[in-house]
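Report on one structure; see the data block that follows.
In my numbering, the protein residues as written are 8 to 188.
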């Protein structure tokens with residue numbers, strides 16, 4: 008679980024798909040290397056060592072500006088978001104935990120893991136398909152940043168710390184945001 012929101016020097020997340028988060032250990036390391044400043048901390052989560060103690064960073068900001076990339080990273084969550092959390096074979100909508108990546112042209116037949124060869128499938132359909140060649144309901148395509156931003160606003164998003172809400176853009180958030188504590 009990534010516990011710390013990573014912001015660019017301008018105050019925006021470095022990436023939105025996925026939202027730029029890092030593990031708290033890396034945030035502490037970057038802080039001591041003078042690469043980030045801590046904006047918010049978890050008040051109920053503290054780390055202790057023989058020589059110091061500090062609260063775990065919830066939000067950090069880089070000291071240098073990094074040009075944001077408007078490409079969408081390929082990962083299972085973004086693939087599920089592109090396919091609107093619907094199995095591309097049976098058409099049913101599922102929770103993220105019940106979805107798998109399916110290769111339209113199976114890897115056993117030379118298929119590669121790219122946007123244009125992968126779809127989201129429920130576990131039942133993925134097992135039934137196996138290494139057969141079946142056409143999904145919709146041809147897989149590489150999504151663009153703006154389409155993903157529009158899709159992102161339609162699905163619930165949970166944040167680790169309430170301070171994140173001040174920094175995440177509207178394209179990432181919507182009224183169904185929940186805060187995990």
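Think of the CB as a built atom: it goes at the ideal place given N, C-alpha and C, for glycine as much as any other residue.
Closest residue to residue i among the options (Cα-Cα distance)
i           : options            : result
residue 140 : 111, 85, 94        : 111
residue 33  : 68, 50, 95         : 68
residue 45  : 58, 57, 29         : 29
residue 151 : 70, 23, 10         : 23
residue 153 : 124, 107, 79, 131  : 79
residue 114 : 106, 105, 107, 124 : 124
residue 117 : 138, 92, 132       : 138
residue 21  : 133, 84, 149, 71   : 71
residue 81  : 107, 122, 101      : 122
residue 130 : 60, 161, 31, 92    : 92
Classification of residue i by the beta-carbon crowding that lies within 10 angstroms, buried from 16 upward
i           : result
residue 13  : buried
residue 77  : exposed
residue 90  : buried
residue 119 : exposed
residue 40  : exposed
Beta-carbon spacing of residue i, residue j below 7 angstroms
i           : j           : result
residue 15  : residue 73  : yes
residue 128 : residue 94  : yes
residue 239 : residue 104 : Residue 239 lies beyond the range of the chain shown here (8 to 188); nothing can be said about it.
residue 47  : residue 170 : yes
residue 11  : residue 64  : yes
For residue j and residue i, believed in contact at Cβ under 8 angstroms, the rounded distance
i           : j           : result
residue 175 : residue 26  : 7 angstroms
residue 96  : residue 159 : The Cβ separation is near 24 angstroms, so there is no contact.
residue 38  : residue 52  : That belief does not hold up - the Cβ atoms of residue 38 and residue 52 are roughly 15 angstroms apart, past 8 angstroms.
residue 168 : residue 49  : 6 angstroms
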